[in-house]
Amino acid sequence: MEERGLVEQWLEVEGHNYTPPIYNLIKMYFATELNGEPIDPKAIKENEEKLEKVLDIYEKRLSETKYLAGDFFSLADLNHLQFTSYLVNEMERGFMVRERKNVSRWWDDISSRPSWKKILQSYKNVYDVLKEMKGIAS
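Have a look at this one:
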């Protein structure tokens, strides 16, 4: 029962503190990349600062455990894959993860799973189609 509580706790942290700033960064990135909308540097900075605070908390936690909810892979980790992948790959903000030793180790672990690699390939295919469609529409 304690493990379930820890998973739920880290899902709450992810949902309320991690996802909002990273979602905003992704939304701004895609608005610029796909629609040519201007980037608001102040909004980028604010969201990066919020995300860095959460990543610092993750760094502390992951210095004590292999995964967020303990020494077992769970939904608490799984929930981070999609948005963190955009952050690290498409948005070239991997330094936010890489400058934190334990977050970097955790990210390498969860993002190297074969099942995630298959999903990531399907995302890449969709993203390539969107970029191609934008090129055709220009």
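Position 44, counted from 1, in the sequence shown is what numbering that gives the first Met the number 0 calls 43; the numbers after and before it change by one each time, with no gaps.
For every residue, glycine included, the Cβ atom is placed at its ideal position computed from N, Cα and C.
Check                                                                                                                                                                                  : Outcome
Whose C-beta lies closer than 7 Å to the C-beta of Asn101 among residues of the same chain, with five residues either side of it excluded?                                             : Glu58, Leu61, Ser62
Give every residue of the same chain whose Cβ lies closer than 7 Å to the Cβ of Ser84, excluding the five residues on either side of it in the sequence, and list them in chain order. : Ser110, Leu119
To the nearest angstrom, how far is the alpha carbon of Asn78 from that of Ile21?                                                                                                      : 13 Å
Take the Cβ of Ser137 as the centre, count every other Cβ of all protein chains shown within 10 Å, and call the residue buried at 16 or more, exposed below.                           : Unreliable positioning characterises Ser137 in this predicted model, as indicated by a pLDDT of 48, which lies under 50. The coordinate reading is nonetheless provided below. Its Cβ having fewer than 16 others within 10 Å, Ser137 is exposed.
Going by alpha carbons, who is nearest to Lys49 out of Gly4, Leu24, Val6?                                                                                                              : Leu24
The alpha helix (DSSP H) that contains Leu61, what's its start and end?                                                                                                                : 40-61
Considering only the beta carbon of each residue, do Asn16 and Val53 sit closer than 7 Å?                                                                                              : yes
Nearest-angstrom Cα distance between Tyr66 and Trp9?                                                                                                                                   : 10 Å
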